[in-house]
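Residue numbers (my numbering), protein chains in the order written: chain A, 120 to 224; chain B, 264 to 907. No residue lacks a Cβ here, since even glycine has one placed at the ideal position from N, Cα and C.
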Amino acid sequence: MTIEPGLYHLLFISTALFFIGVYGFFTRRNLITMLMSIELILNSVNLNFIAFDKYLWPGKMDGLFFTVFIIAIAAAEAAVAIAIIINLYRSHQSIDVENAEDLKY
Amino acid sequence: MPNATIIALIPLLPLAGFLLLGLFGRKYLKTSSGIIGTALLLTSTILALYTAYEYFFVYGKVNGIYQQLTPLKITWLEFSKGVSIDMGLMIDPISVMMLVVVTLVSLMVHIYSIGYMKGEERFSTYYAFLGLFTFSMLGLVLSTNIFQIYIFWELVGVSSFLLIGYYYNKPSAVAASKKAFIVTRFADLGFLIGILILSYCSGTLDFATLIQRLTSPESNEFKTAVTYSFLGASALTWGAALVFIGGAGKSAMFPLHIWLPDAMEGPTPVSALIHAATMVVAGVYLVARLFPVFAITTPAVLEIIGWVGAISAIIAAVIACTQTDIKRVLAYSTMSQIGYMMFALGVAKYGAEPALGYTASMFHLFTHAMFKALLFLGAGAVIHYVHSNEMNDMGGLRKYMPITHITFLIACLAIAGVPPFAGFFSKEEILLAAYQDNMAIYWIALITSGITAFYMFRLYFTIFWNKPHHAHGEKHGEGGFVMMLPLVILGIGAAAAGFIPFGEFVSSDGRPLESHFHLQFSILPVALGLAGILLAMWLYYKQNDKPAKLASSLGGLYKAAYHKFYIDEIYLFVTKKILFNLVGRPAAWFDRNVVDGFINLTGNTTQAVSEGIKKVQSGKVQQYAIYFLGGVIVLAVLFIYIWK
Numbered sequence: 120m121t122i123e124p125g126l127y128h129l130l131f132i133s134t135a136l137f138f139i140g141v142y143g144f145f146t147r148r149n150l151i152t153m154l155m156s157i158e159l160i161l162n163s164v165n166l167n168f169i170a171f172d173k174y175l176w177p178g179k180m181d182g183l184f185f186t187v188f189i190i191a192i193a194a195a196e197a198a199v200a201i202a203i204i205i206n207l208y209r210s211h212q213s214i215d216v217e218n219a220e221d222l223k224y
Numbered sequence: 264m265p266n267a268t269i270i271a272l273i274p275l276l277p278l279a280g281f282l283l284l285g286l287f288g289r290k291y292l293k294t295s296s297g298i299i300g301t302a303l304l305l306t307s308t309i310l311a312l313y314t315a316y317e318y319f320f321v322y323g324k325v326n327g328i329y330q331q332l333t334p335l336k337i338t339w340l341e342f343s344k345g346v347s348i349d350m351g352l353m354i355d356p357i358s359v360m361m362l363v364v365v366t367l368v369s370l371m372v373h374i375y376s377i378g379y380m381k382g383e384e385r386f387s388t389y390y391a392f393l394g395l396f397t398f399s400m401l402g403l404v405l406s407t408n409i410f411q412i413y414i415f416w417e418l419v420g421v422s423s424f425l426l427i428g429y430y431y432n433k434p435s436a437v438a439a440s441k442k443a444f445i446v447t448r449f450a451d452l453g454f455l456i457g458i459l460i461l462s463y464c465s466g467t468l469d470f471a472t473l474i475q476r477l478t479s480p481e482s483n484e485f486k487t488a489v490t491y492s493f494l495g496a497s498a499l500t501w502g503a504a505l506v507f508i509g510g511a512g513k514s515a516m517f518p519l520h521i522w523l524p525d526a527m528e529g530p531t532p533v534s535a536l537i538h539a540a541t542m543v544v545a546g547v548y549l550v551a552r553l554f555p556v557f558a559i560t561t562p563a564v565l566e567i568i569g570w571v572g573a574i575s576a577i578i579a580a581v582i583a584c585t586q587t588d589i590k591r592v593l594a595y596s597t598m599s600q601i602g603y604m605m606f607a608l609g610v611a612k613y614g615a616e617p618a619l620g621y622t623a624s625m626f627h628l629f630t631h632a633m634f635k636a637l638l639f640l641g642a643g644a645v646i647h648y649v650h651s652n653e654m655n656d657m658g659g660l661r662k663y664m665p666i667t668h669i670t671f672l673i674a675c676l677a678i679a680g681v682p683p684f685a686g687f688f689s690k691e692e693i694l695l696a697a698y699q700d701n702m703a704i705y706w707i708a709l710i711t712s713g714i715t716a717f718y719m720f721r722l723y724f725t726i727f728w729n730k731p732h733h734a735h736g737e738k739h740g741e742g743g744f745v746m747m748l749p750l751v752i753l754g755i756g757a758a759a760a761g762f763i764p765f766g767e768f769v770s771s772d773g774r775p776l777e778s779h780f781h782l783q784f785s786i787l788p789v790a791l792g793l794a795g796i797l798l799a800m801w802l803y804y805k806q807n808d809k810p811a812k813l814a815s816s817l818g819g820l821y822k823a824a825y826h827k828f829y830i831d832e833i834y835l836f837v838t839k840k841i842l843f844n845l846v847g848r849p850a851a852w853f854d855r856n857v858v859d860g861f862i863n864l865t866g867n868t869t870q871a872v873s874e875g876i877k878k879v880q881s882g883k884v885q886q887y888a889i890y891f892l893g894g895v896i897v898l899a900v901l902f903i904y905i906w907k
């Protein structure tokens, strides 16, 4: 017996993905891993857009375009974030977030 | 018609001198600044004399009445329709007369200072200040409205401050300049409030309109103004009285005279300029300028002016008899003579014959400028020669300084009221005016004129006769041509200025006033004057112990007069003991504890709070993310359940 995937299945996956990402962002100390968690969060949003597009407004392209935009932005964001991480590594010899708390009171 | 350019140039040339010498003098014009300043002022003087000639003999008179003309008027600040501050030039008999007096005396001082101030370190600065002073005084005289006069009034105050404190490394000069500035500023506060009241009541600042509105009972402004009152006197009375306080401060009237004797710390030519002819008569000029308001609308204030003038005249004369510093004697004599001018205005009425006092006051202002400038410049020559201000260091100088001696004698005779010198005519007119109006003031004036003759000749005999002179100053002689020329010119003025038919030109309403000459009336004052001179001669002709004996027999009175009736001490008591202790200290306590306390409390609280919450900014990215998430959750809950 096969189950036709419905809207709620997809929303469940995207919510799960979102909270996995949040969890990863809060618990990991390695900046690369934190960046990966952010990518998870972004992609959960993408999944939402696709799901709503397919099940609520089929035939319209809005959700797809949003997704394409988000992927583009995510790429740019990843480039910036990795540049920051490389610079941080050069100055601190570490990419552990606990070592990067100089910007405080 | 008057030529506005020529009249505007009269004050602007000294201003140009001030700017030129003030900016470039010390570097480039070190030795030539005296010549430059004098040349500019000479041009001003010629223009002033030309203007006076044109005004009095060519265009000033229309139908036998001297007109008040405003050849130039520029709106400077407009507050609302009809109320604006203008800058302009006003030409009428008294302003033209003052133009001549101020430029002439200032020119004499400029010439004289070339010799007197030679070799001074700040020679060009001195001339710059003289230019500024002359500019402000001329601007004051030419003002068309009450606010313009106030601006120049303050400029005169500032420039006199600069000139009195010229020797700024001498502590007494610094103290004197501060005192002069503070006392006159204090009086100017009254003046400013007076200006506000008068202009509020009349709805204008312009002199002509203000006088016209406040003196005609039919005008709307007058009807409204008389309905205001405060402490039993009408607003107009208060306004006029406060304006007079400003005038009294500048003119060194009792009890605001305390700055005048101290101001003698400035260079002697400056004393001649400020204290003889220009700044101190500004108050008299102000009262004369607003005379119709005083005379018609507020006769009570005019009465006060009369009494203040009379009291100042006699007190100053008595103090002058006991002082030993020759410049201080002259300072008190100035105060006494200004008192004469004031009460002459005080006893005058507006219009025609009863306004004799007005003409007399202006006449005395004119002659006094001549002989008092001469006295100061002569005293300057003497000080230059013996290097001391003290009368005890002088004596027997007549052979060594013949020109100074003769001119000084002329000035003394003039101020003592001996015919036919200038002071005689103006003083007779003042006494006559007082005689017609107020007998008490007349007697005070009469006694004062006797005392005046006495102290002036006390000065004269002590300087030029008394003990023989121990020659030590022959090297530089009397002071050269530049110092003697002004003495001679002013000497001629002091001798001959009385013959000008002054009533023809200056009167309260512009109509010529015929001055009658009463021979039998003059006998008493002249006799008193001669008695004063003889008494002074008897006491001071030869060195002897009569003055000391007389002083000790007068005891308390002499001591009181020597200490200037303790007025300075009273001021010190009032300010230090009463004001400082009863007002200043509690106010300071309140400021330190309550006001500062509140400010400190605010600051401390803020600091404590921020100290507590600054830990939030930890630098840990994930902590920030948690706050952010918390915020998002709270907002989500709010949006979903509460702000549906």
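Which two residues bound the contiguous alpha helix (DSSP H) that contains residue i?
{"i": "M604(B)", "result": "589-609"}
{"i": "D349(B)", "result": "Note, D349(B): premise wrong, no alpha helix (DSSP H); beta strand (DSSP E) at 346-354."}
{"i": "K442(B)", "result": "434-465"}
{"i": "T308(B)", "result": "296-317"}
{"i": "R476(B)", "result": "470-478"}
{"i": "R848(B)", "result": "848-853"}
{"i": "I211(A)", "result": "It is His, not Ile, that sits at residue 211(A) in the sequence shown. Segment 181-211, the alpha helix (DSSP H) holding H211(A)."}
{"i": "V489(B)", "result": "Neither: V489(B) is in no alpha helix (DSSP H) and is coded neither H nor E."}
{"i": "A416(B)", "result": "Note that residue 416(B) is Trp in the sequence shown here, rather than Ala. 409-427 is the extent of the alpha helix (DSSP H) around W416(B)."}
{"i": "N655(B)", "result": "Note, N655(B): premise wrong, no alpha helix (DSSP H); not H, not E."}
{"i": "F629(B)", "result": "619-649"}
{"i": "S163(A)", "result": "150-174"}
{"i": "K612(B)", "result": "Counting along the chain, K612(B) falls outside any alpha helix (DSSP H), and DSSP gives it neither H nor E."}
{"i": "V884(B)", "result": "884-900"}
Name the two residues that bound the continuous beta strand (DSSP E) containing residue i.
{"i": "L126(A)", "result": "Where L126(A) is concerned, there is no enclosing beta strand (DSSP E), although the alpha helix (DSSP H) it sits in stretches over 126-146."}
{"i": "E341(B)", "result": "332-343"}
Taking C-beta pairs closer than 7 Å, name the residues in chain A that residue i reaches, listed in chain order.
{"i": "Q870(B)", "result": "Here the premise fails: no neighbours, minimum Cβ distance about 13 Å."}
{"i": "V884(B)", "result": "V216"}
Whose C-beta lies closer than 7 Å to the C-beta of residue i among residues of the same chain, with five residues either side of it excluded?
{"i": "V363(B)", "result": "A311, L312, A315"}
{"i": "M598(B)", "result": "A515, H520, L523, S575, A579"}
{"i": "L129(A)", "result": "L166, A170"}
{"i": "T447(B)", "result": "G420, G512, K513, W522"}
{"i": "F784(B)", "result": "L695"}
Since residue i and residue j should fall inside the 8 Å C-beta cutoff, what is the C-beta to C-beta distance between them, to a whole number of angstroms?
{"i": "I169(A)", "j": "G140(A)", "result": "Wrong, their Cβ atoms sit about 17 Å apart, outside the cutoff."}
{"i": "K336(B)", "j": "T407(B)", "result": "6 Å"}
{"i": "E528(B)", "j": "K635(B)", "result": "Going by Cβ atoms, the distance from E528(B) to K635(B) rounds to 18 Å, so no, they are not a contact pair."}
{"i": "L608(B)", "j": "S624(B)", "result": "5 Å"}
{"i": "A443(B)", "j": "S422(B)", "result": "Actually they do not touch by this definition, with Cβ atoms about 11 Å apart."}
{"i": "G795(B)", "j": "F720(B)", "result": "7 Å"}
{"i": "A611(B)", "j": "S712(B)", "result": "With a Cβ gap of about 19 Å, A611(B) and S712(B) do not count as contacting."}
{"i": "S369(B)", "j": "L284(B)", "result": "About 15 Å; that fails the 8 Å criterion."}
{"i": "F392(B)", "j": "L403(B)", "result": "Not a contact, Cβ separation roughly 16 Å."}
Anything in chain B within Cβ reach of residue i, meaning under 7 Å, just list it in chain order.
{"i": "Y224(A)", "result": "K877, Q880"}
{"i": "E220(A)", "result": "S881, G882, K883"}
Since residue i meets chain A, which of its residues come closer than 9 Å, beta carbon to beta carbon?
{"i": "I889(B)", "result": "F145"}
Give the residues of chain B in contact with residue i, contact being defined as C-beta atoms less than 8 Å apart.
{"i": "D172(A)", "result": "Simply none; closest approach about 23 Å."}
Kindly list the residues whose CB is nearer than 6 Å to the CB of residue i, restricted to its own chain and excluding five residues on each side of it in sequence; keep chain order.
{"i": "L619(B)", "result": "A696"}
{"i": "G510(B)", "result": "G546, L549, V550"}
{"i": "A439(B)", "result": "I427, D525, A526, E528"}
{"i": "P356(B)", "result": "Y329, F768, V769"}
{"i": "I269(B)", "result": "L310"}
Runs of 4 residues minimum, wholly inside the stretch 748-816 of chain B: which ones carry the alpha helix (DSSP H) assignment?
765-768, 782-803
Would you list, in sequence order, the uninterrupted beta strand (DSSP E) runs of no fewer than 3 residues that lie entirely inside the stretch 677-730 of chain B?
none
Tell me the start and end of each unbroken alpha helix (DSSP H) in the stretch 510-582 of chain B that is at least 4 residues and wholly inside, in chain order.
522-525, 531-535, 545-552
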